[in-house]
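In order, the protein sequence lines correspond to chains A and B.
For any residue, its number in the working numbering is found by taking its place in the first sequence, counting from 1, and adding 5.
For any residue, its number in the working numbering is found by taking its place in the second sequence, counting from 1, and adding 728.
Backbone N, C-alpha and C define an ideal beta-carbon position, used for all residues, glycine too.
Just so we're clear, the structure is a prediction, and the values are computed from it rather than from any experiment.
The structure appears right after this line, and notes come after that.
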Amino acid sequence: MKSVNGVLSVKSLVLAILAVLPLVSFAQTDDDVLVLTKPTNFVEVGLGNVSSDSYNFGQYNGLGKSGLFGIGNLSVQGGDAYGQGLGTRLWSIDGTNLGTDIRAVDASIRDQGRWMVGLNFTQQRHDIADFWTPLQGAMGGNAFTLPEAFGTINTARPSTPTPYGTQVLTPEQVGYFHKVNVHTNRYNTGITFGYNFNRQWNVQLEWNHIEQSGAKQIGSGTDANNLSAAATLAGYAPGGERIQMLMNPTDYTTDNVNVAMNWAGVKGFFTVGYYGSRFVDNYSSVSFPNPFDTGHSPSGSLLGAPYPVDALSTPPSNDFSQFNFSGGYNLSPTTHLVGGYSYGRNTQNMGYVNQDQMVPGGLPVNSLHGKVIMTHADMKLTNQTTRDLSLSAGIDYNEHDNQTPAYTYTFLNLGGDPQTSFSIPLSYKTTQGKLGGDYRISSNQRLNFGYEYENKRRWCNTAVPIDPATGNPVGAELSGTNTGYFQAVAVLACVAVPKEELNKFVVNYRGDATDALNFNVGYAYSDRSSTVNPAFYSPLQANSEGYENYNYQAFFDGSRRQNMAKAGVNYQATDKLNLSMDLRGTKDEYYDSIMGVQQGESSSVNLDLAYQVSEKTSASVYANWQYRSRDMISASGRDSVGTAGLTGWSNNLIDKGQAFGFDLRHDGLMHGKLDLRANLSYSLDTTRYNTQSYATADIPGVTCATTPGNSGYNCGSTPTIRSELMRAGVTGDYHIDNHSTVGVGYIFQKLNSNDYYYNFYQLGFTGTTTMPTNQLSPSYTENVVFVTYRYNFM
Amino acid sequence: MHLTKKLILGAALILASWTVPALAGSPPIQLPDLGSTQAAAYQSTAETAKRALADDAKCTRCHDENEAKPILSIYQTPHGVKGDARTPTCQSCHGASEKHLAGDKTGKGIPPPDVMFNKHDYPMSDAGDRAAVCLTCHKGTQRTHWEGSAHQTNGLACNDCHKVHSAVDPVRKKETQAAVCETCHKDRRADLRKISHHPVGEGQVACSDCHNPHGSTGPFLMKKATVNETCTTCHAEKRGPFLWEHQPVAEDCTNCHTPHGSNIPPLLKSRPPFLCAECHDGPHNSQSAFGAGVGGLQSTMSGFAPSGGRAPSPNASGAGRACLNCHVMVHGSNSPAGAFLHR
């Protein structure tokens, strides 16, 4: 409801402005000086038409639906400071995209040098998906149901090759499917205020209030029937993994406030500030029915009629407060010191979602009492040692100290099995030291160099409790087959890599071969050395299915050697023609990872050409090529002691992109009355994965399934994910006179999208325990035409 | 801690050696004196404006409305509000330029102004000299970390991005800012046009919403000290803290996401299950090799067919959303039953 009011208020504001405009008398002048020194205001209105529905075309531009749309833009400015005036007052009102769902309005008034007040409003619509679902309940709400007659879905696998489960729903069930356009809306209202007390002191305030509505798509693993003792005792009969897509509500409110007091003097400056952010989720859970539970009749169940009700948690409301201090001082005319310190406190204490059936043992606490202290400090010293040499030295410190209390939670997992896990709030800190220099070798050559050291530590403030009965970490299954992983309880760590050290060297050279030809080359080398603790415990790893195989290393904290090289050249061939080319390549090697990501490479080339034919005519062309690859080896098997029982496989990712485009501008046609713009862009992006058996002396390779089976081939290449986008547009502005301009335009946009992701969700082709969504690759062909009238005035 | 002490000691030694007066400095620039008394600041607005316009007239009597590049449009900008005592005159930024004002005394043409911000009839001044002019007034706040920043050390000055004389500075408008940044950051130009992207091209998000191009203490010129602090400015629902955390999420969003654009929605570096398998190979199906089969039944390469007398059923752990079909709370869960990020 608030959202609707927000829209109405904007429309009202725009209408009010349009109503007043004809009453205002604006001086009309041909004075060339005034044209330059006073702003040209305008009001633009128009109509456009979109040829067909496409959520992907309209993803962010508000044009997802076919048919007419309105065009409204305006910019009105005034004040006694314009036109070389003697005053200091300025005001402005700007509106953009007022006819669509991505409208924005800004207004401000200022007495420059003394105070300013600004108001702004933006609406953002994000079209995410069109998907089909039998669930009933409004998109944006948090309670979904199924029609009582929908019935339960039998996912038992028959002994004949007849499709079953969700692959063959009854005509009645299919009849309940309906299309939902999943989208979010953000309404962002902001106020800014500034006041100068004097030349040295000023205060600035920014506040913005964001209301978000709608939903995003989310999966849900739910439960089938399971009559385990624990589940029955809990009055719950889950089991297995049954999948439905849900509309996860984004009924959020966020308030951000930023206040800063600034001082600036001749030799120094400082800022004292406060940043506060409050996020409120108006829901704490999403409830949905479970049509897969064959243990309950459609007429009722222990957990609610006619279907068991399941629930997901939603993002918890939270607060963040931060005090910031920063400043600088000129120790000498050429030596400057800057530094800063901030202290932030992130808290969260939203009540846990009420899901008694999933936590039959009760809860240790009813909410998290979460608290993270974020500390930052930095200091940097710079010196212009000589006119040709400047040096800098700096240190940064960031700490994320998670002081959230930890408890042991018992619950039923999706399979209906009782589990025990201990929450482990993660803390980490990084300390960085940086040295840099810039040396002017000659008037047309410069050398830039730097060194960086980073030390990262991870820890947990709460020790993992030990189960007195087993002497092992609570919840951990340290059976004979996987004791090899948890090697020593005494040094049990909550992170796999408690320490990282990184050394990085950078050197760049820039030179001018001639006045018209300049170039640059650069190289960077870094080495991240990680200390791995094999006694790693995490909530995900507390159970028999939750560990990583020995010697497996996550890519983001593994030891890594990284090389980067780049080069660029710019050639001003003539006064009118400019050419440039840039190259860049990287290579990452995870040299200590026996398993996991082994290496990655990337490279790119950019070519640009700009031609200024005349003052009225110009053209530019660009081309881009990108390549990225990643190689990984992994192993199947659940015996984590050494390599026993494992079978190896490798996976290679190749991601490519090609893009080119041109822009053409030609003004002054038809005796100076017609300006033309044309542009064309094309891009083709592809991604594919290839999996192969991988064997070492210790690990046999996985057996690639080459015959049809339940899961199909487990080796070979995935179908290529392919996105081919072409966009062409031409616009013309015809200036009837100094005040009136008529614009016409045409946009053609076509996306060919071929993504195997959607295959899985088609009715008749899903896994037998997955509710179809019938989503398709978002290919579209769109034709958009529009006509506008712009009134310019001063 | 030991390292910290060493670094502080090293910085102190460097500081001691650098406080020696410089061997050479930038040419003096005559800008309004920020350190003068408050009384001077609030003299009559009209008087201030008249005096400033008279100063400007030394230049605008020649550099008038007939200039090919509009000079006088600066009067539509904050630098043209002459009633504000802080506002610079032409000579505040371009230097006193006495030789230029004196004209062609030697018959070799008119000497250049002291500071040239662009290359036209005269050579452009050094980037350091150009930036120093702006930083005389625009010190502190967002410019605190300019010196030693990536853009400064790559030879950029303020006017390489800002159009000071233009009524509308493109880099300060959301709709046009990206085009300015893409002049150099050309890979980002391609990324921002991929099927999954932040709405930068649509004018709803600007590069400067995440980055501070004037320098920062964060990585990649992030506005905040860390990547996650920057991301959660808008995505506050991901901020937590959560009861059950996911380590790569808690540390750095860019472990999984590539924020400028991707062929894999939503802004992912890779697609599950392969993305997940880059960190997990133990938990149940994340250990499985997945290949052509994740293409689903409709894929001509998957080869699905009835097997063993039973109908095919693509593996939900590898196809579609793969791991995220069930592990839906990858950003963290606040459910007591969410230790495996299911709830």
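Simplified DSSP assignment, three categories, for residue i
i                 : result
Gly737 (chain A)  : strand
Ser30 (chain A)   : Caution is warranted here: a pLDDT of 36 is assigned to Ser30 (chain A), below 50, making its placement in the model unreliable, and the coordinate value is therefore given only provisionally. Of the three classes helix, strand and coil, the one that applies to Ser30 (chain A) here is coil, per DSSP.
Val262 (chain A)  : strand
Asn548 (chain A)  : With a pLDDT of only 48 at Asn548 (chain A), under 50, the local geometry of the prediction cannot be trusted, and the value read off the model is given with reservation. Asn548 (chain A): coil per DSSP, three-state reduction.
Gln663 (chain A)  : strand
His893 (chain B)  : coil
Thr536 (chain A)  : strand
Arg916 (chain B)  : helix
Ser14 (chain A)   : Bear in mind that a pLDDT of 36 at Ser14 (chain A), under 50, signals an unreliable position, so the number given afterwards is only what the model happens to contain. Note: Ser14 (chain A) maps to helix in three-state DSSP.
Ala529 (chain A)  : strand
Gly1021 (chain B) : helix
Phe155 (chain A)  : helix
Val610 (chain A)  : strand
Asn287 (chain A)  : coil
Val977 (chain B)  : helix
Lys755 (chain A)  : strand
Glu787 (chain A)  : strand
Gln178 (chain A)  : helix
Ser585 (chain A)  : strand
Pro749 (chain B)  : Note that Pro749 (chain B) scores 39 on pLDDT, short of 50, meaning its location in the model is unreliable; the coordinates nonetheless yield the value given after this. Of the three classes helix, strand and coil, the one that applies to Pro749 (chain B) here is coil, per DSSP.
Tyr699 (chain A)  : coil
Phe561 (chain A)  : coil
Pro1102 (chain B) : Residue 1102 (chain B) is absent from the structure shown; chain B starts at 729 and stops at 1071.
Beta-bridge partners of residue i, as assigned by DSSP
i                : result
Arg191 (chain A) : A:Gln129 and A:Gln217
Ala953 (chain B) : DSSP lists no partner for Ala953 (chain B).
Gly104 (chain A) : Paired residues: none, contrary to the question.
Given residue i as reference, the closest of the options once Cα atoms are compared
i                 : options                                   : result
Phe1068 (chain B) : A:Pro296, A:Pro294, A:Pro423 and A:Asn323 : A:Pro423
Leu336 (chain A)  : A:His374, A:Thr390 and A:Ser326           : A:Thr390
His1012 (chain B) : A:Gly642, A:Ile98 and A:Asp520            : A:Gly642
Phe182 (chain A)  : A:Arg191, A:Arg204, A:Arg633 and A:Gly142 : A:Gly142
Asp99 (chain A)   : A:Gly88, A:Glu49 and A:Asp116             : A:Glu49
Asn66 (chain A)   : B:Val896, B:Glu903 and B:Lys827           : B:Glu903
Tyr796 (chain A)  : A:Ser80, A:Ser619 and A:Val602            : A:Ser80
Glu153 (chain A)  : A:Gln408, A:Val291 and A:Pro296           : A:Pro296
Asn207 (chain A)  : A:Asn213, A:Phe198 and A:Ile76            : A:Phe198
Ser598 (chain A)  : A:Asp636, A:Ala624 and A:Ala628           : A:Asp636
Pro294 (chain A)  : A:Thr409, A:Gln129, A:Gln249 and A:Asp401 : A:Gln249
Asn204 (chain A)  : A:His188, A:Arg119, A:Gln128 and A:Arg130 : Strictly speaking, residue 204 (chain A) in this sequence is Arg, with Asn absent from that position. Ranking A:His188, A:Arg119, A:Gln128 and A:Arg130 by Cα distance to Arg204 (chain A) puts A:Arg119 first.
Neighbouring residues, chain A, relative to residue i (Cβ below 7 Å)
i                 : result
Leu884 (chain B)  : Here the premise fails: no neighbours, minimum Cβ distance about 11 Å.
Val892 (chain B)  : The contacting residues do not exist; Val892 (chain B) stays about 14 Å from chain A at best.
Pro798 (chain B)  : Leu41
Lys786 (chain B)  : Per Cβ cutoff of 7 Å: no residues; Lys786 (chain B) is ~15 Å from chain A at best.
Pro806 (chain B)  : Gln117
Gly1023 (chain B) : Thr723, Pro724, Tyr761 and Asn764
Partner residues on chain B for residue i, Cβ-Cβ distance less than 8 Å
i                : result
Ser397 (chain A) : Glu875 and Gly876
Tyr766 (chain A) : Gly1048
Asp703 (chain A) : Under the 8 Å cutoff, chain B gives no residues; its nearest Cβ is about 15 Å from Asp703 (chain A).
Cys720 (chain A) : Ala1017, Gly1019 and Ala1020
His341 (chain A) : Glu875
Cross-chain neighbours of residue i in chain A, by beta carbon under 8 Å
i                : result
Gly837 (chain B) : Neighbours of Gly837 (chain B) on chain A: none; closest Cβ ~18 Å, over 8 Å.
Chain B contact residues for residue i, given Cβ-Cβ distances below 7 Å
i                : result
Asp422 (chain A) : Within chain B, no residue comes near Asp422 (chain A); the closest Cβ sits about 11 Å away, beyond 7 Å.
Open item on the list: Whether or not the stretch 1041 to 1051 of chain B and the stretch 943 to 963 of chain B are in contact is what I'm after, with contact meaning three or more pairs of Cβ atoms, one per stretch, closer than 8 Å; do they touch?
Closed with: When C-beta atoms of the stretch 943 to 963 of chain B are compared with those of the stretch 1041 to 1051 of chain B, fewer than three pairs fall below 8 Å, so the two segments do not count as touching.
TODO: Please determine if the stretch 128 to 147 of chain A and the stretch 768 to 784 of chain A are in contact, where contact requires at least 3 C-beta pairs separated by less than 8 Å.
DONE: Touching, per the Cβ criterion.
Open item on the list: Whether or not the stretch 613 to 628 of chain A and the stretch 892 to 907 of chain B are in contact is what I'm after, with contact meaning three or more pairs of Cβ atoms, one per stretch, closer than 8 Å; do they touch?
Closed with: no
Open item on the list: Taking 8 Å as the cut-off, does the stretch 994 to 1011 of chain B touch the stretch 727 to 745 of chain A (at least 3 CB pairs, one atom from each stretch)?
Closed with: no
Open item on the list: Using 8 Å as the cut-off, can you tell me whether the stretch 283 to 291 of chain A makes contact with the stretch 875 to 889 of chain B, which would need three or more C-beta pairs spanning the two stretches below that distance?
Closed with: Because the criterion of three Cβ pairs below 8 Å is not met, the stretch 283 to 291 of chain A and the stretch 875 to 889 of chain B do not touch.
Open item on the list: Assess contact between the stretch 321 to 329 of chain A and the stretch 347 to 358 of chain A, defined as three or more Cβ pairs (one per stretch) separated by less than 8 Å. Is contact present?
Closed with: yes
Task: Validate contact between the stretch 498 to 517 of chain A and the stretch 525 to 532 of chain A using beta carbons, cut 8 Å, 3 pairs - done: Segment contact: the stretch 498 to 517 of chain A against the stretch 525 to 532 of chain A, three or more CB-CB distances shorter than 8 Å; contact assigned.
Task: the stretch 78 to 93 of chain A in contact with the stretch 803 to 822 of chain B per 3-pair CB rule at 8 Å - done: yes
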